[in-house]
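Peer 1: Heads up, the sequence shown is in my numbering, so the first residue is 22 and it goes up one at a time.
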Amino acid sequence: MTMPPSGRPTRRRFLSVAAAAAGLPLLPSGAAATEGALVTWRGIALGAVASLQIHHPDRATAERLVRAAVAETARLEAIFSLYRPDSVLSELNRTGVVIAPAAELVDLLAACDAMVRLTNGVFDPTVQPLWACHAAHFSTRGRDAGPPPAEALRDALARVGWDKLRVGRDRIAFATRGMALTLNGIAQGFVTDRVVAMLRNAGLAHALVDMGEIAALGGHPAGRPWQVELERSAPGAPDVVPLTDRAVATSAAAGFGFDADGRYNHLFDPRTGISAAPDRRITVVAATATTADALSTAFSLMDDASIAEAARRSAAVVYAPPRFGGP
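(1) State the DSSP-derived secondary structure class of F277, mapped to helix, strand or coil.
(2) Let me know the beta strand (DSSP E) ranges lying completely inside the segment 183-238, each 3 residues or longer, listed in chain order.
(3) Quick check on the burial criterion: 16 or more other C-beta atoms within 10 angstroms. Buried or exposed for R301?
(4) Work out the CA separation of L220 and L178 for me, nearest whole Å.
(5) Between L238 and P78, what straight-line distance do the alpha-carbon atoms span, to the nearest angstrom?
(6) Take P291 and list the residues in its own chain whose beta-carbon comes closer than 6 angstroms to its own, dropping the five residues that flank it on each side.
(7) So what does G64 bridge to, in DSSP terms?
(8) Taking all protein chains shown into account, decide if A319 is buried (16 or more other Cβ within 10 angstroms of its Cβ) or exposed.
(9) Using the rule of at least 16 other Cβ atoms within 10 Å of the residue's Cβ for burial, across every protein chain shown, is S321 buried or exposed?
(10) Mind checking which residues open and close the beta strand (DSSP E) that includes R80?
(11) Using a threshold of 7 angstroms, is the CB atom of A196 nearer than that to any non-hydrogen atom of the ligand SAM?
(12) To test your reading of the DSSP string, which unbroken alpha helix (DSSP H) runs of 4 or more residues are found completely within the segment 116-144?
(13) Taking the alpha helix (DSSP H) that R162 belongs to, which residues open and close that run?
(14) For the candidate residues D266, E250 and R267, whose alpha-carbon lies nearest to that of P259?
(15) Suppose the cutoff is 6 angstroms on Cβ atoms and the five residues either side in sequence are ignored; what does the same chain contact list for V217 look like?
(16) Have a look at E252, T203 and A223 and flag the residue whose alpha-carbon is nearest the alpha-carbon of S108.
(17) Counting only the same chain and skipping the five closest in sequence on each side, list residues whose C-beta sits under 7 angstroms from that of A298.
(18) Could you have a look at V338 and say whether DSSP puts it in helix, strand or coil?
(19) What does the alpha-carbon distance come out to for the pair E98 and T265?
(20) Excluding five sequence neighbours on each side, which residues of the same chain lie with their C-beta closer than 6 angstroms to the C-beta of A226?
(21) Residues in its own chain within less than 8 angstroms of D165 by CB, not counting five upstream and five downstream?
(22) Which residues in the same chain have their Cβ closer than 6 angstroms to the Cβ of T213, if we skip the five residues on either side of it in sequence?
(23) Applying the criterion that 16 or more other CB atoms from any shown protein chain within 10 Å of the CB defines a buried residue, is I65 buried or exposed?
(24) How do the segment 187-202 and the segment 119-130 stand: do at least 3 beta-carbon pairs fall below 8 angstroms, yes or no?
(25) Classify A308 as helix, strand or coil using the three-state DSSP reduction.
(26) How about Q209 and L67: do their beta carbons lie closer than 8 angstroms?
(27) Considering D176, what are the terminal residues of the alpha helix (DSSP H) in which it resides?
(28) I need the straight-line Cα distance from A53 to Q74, nearest angstrom please.
(29) What does a CB cutoff of less than 7 angstroms around V262 pick up in its chain, not counting 5 residues either side in sequence?
Structure below.
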């Protein structure tokens with residue numbers, strides 16, 4: 022991530038669609054090997070560069086589906102956004118409770134719970150107080166400052182903990198005053214999966230969806246996998262990841278740093294409040310973008326053995342430099 026003048030973080034991208042079209046909001050890509058139109062859209066979703074590539078025999082239908090996918094993404098952003106004051110998530114963080122929450126928020130928190138369990142608590146969306154603590158400290162002391170005072174960090178950690186969140190279909194609430202959620206480590210994957218499901222239900226067989234994380238519906242219409250370029254994260258990691266009915270996500274400590282060296286960054290360990298190592302970068306390929314997004318976040322803070330076990334249980338492929346020992 023980088024921090025623009027507004028103070029709102031934006032995501033630095035470590036993945037890109039190989040030879041993706043750019044320019045107009047809707048445009049045909051190069052000639053496909055099968056009949057039909059490959060329509061590409063490029064824009065912004067959940068604070069990140071986003072794109073869609075949809076193949077359909079009827080170009081008008083493809084364009085209609087692109088517009089529907091963009092509208093669905095905007096609807097979900099109004100629920101999950103940490104930066105929109107009118108979002109459901111912002112209401113929860115501001116008041117500590119949401120009555121009759123959107124079903125999609127409940128579903129996403131259920132997915133969070135599964136990831137919390139899979140990673141033994143390392144994935145934890147309640148780390149937002151740690152972000153606020155670091156943001157306040159470095160905004161007043163400057164980017165060359167040392168860590169936040171121990172007392173401030175202890176206070177923030179006291180408001181972190183997945184077990185302090187109460188989730189029901191009729192009500193979501195914090196059990197501890199001053200808690201806050203961030204869904205930035207999973208929401209983009211979740212939204213990507215929702216768009217993929219919508220396109221699949223519409224009968225599409227070929228699409229590549231990037232709403233901050235990337236997922237493939239089928240393969241490329243030319244009869245090969247979709248190609249996703251990977252900023253190499255480890256010796257031996259590929260330059261391009263082929264995707265067919267799979268998803269890929271990357272998390273990197275270098276995405277956003279509070280200090281000049283990146284030692285204090287956005288990837289917080291909920292157990293200690295310490296950030297991931299500044300050179301840490303993890304890419305995960307999984308069955309869903311939700312899983313890939315969450316695991317790439319958590320794996321940035323986990324040791325090799327724990328990563329291997331969680332990857333085995335989730336049938337994920339991980340590209341990461343080795344990290345020996347504990348977190």
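Note that the Cβ used here is the ideal one computed from N, Cα and C, for glycine as well. All values reported here derive from a predicted model rather than from experimental measurement.
Peer 2: The answer reads as follows:
(1) coil
(2) 186-188, 192-195, 227-231 and 235-238
(3) buried
(4) 41 angstroms
(5) 16 angstroms
(6) D145, V148 and V181
(7) A71
(8) buried
(9) buried
(10) Run containing R80: none in the beta strand (DSSP E); it sits in the alpha helix (DSSP H), R80 to F101.
(11) In the structure shown, the ligand SAM is absent, as is every other ligand, since no ligand is present at all.
(12) 124-139
(13) Q149 to R162
(14) E250
(15) V230, A236 and L238
(16) T203
(17) The residues A274, in chain order, have a CB closer than 7 angstroms to that of A298 in the same chain once the five nearest residues on each side in sequence are set aside.
(18) strand
(19) 26 angstroms
(20) G239
(21) Counting only Cβ-Cβ distances below 8 angstroms, and skipping sequence neighbours, we find D280 and A281.
(22) V230, M232, E234, A236 and A310
(23) exposed
(24) yes
(25) coil
(26) Yes, Cβ-Cβ distance for Q209 and L67 is below 8 angstroms.
(27) A171 to L178
(28) With a pLDDT of 31 at A53, under the threshold of 50, the predicted position of this residue should be treated as unreliable, and no value is reported.
(29) V249, L251, V269 and V306
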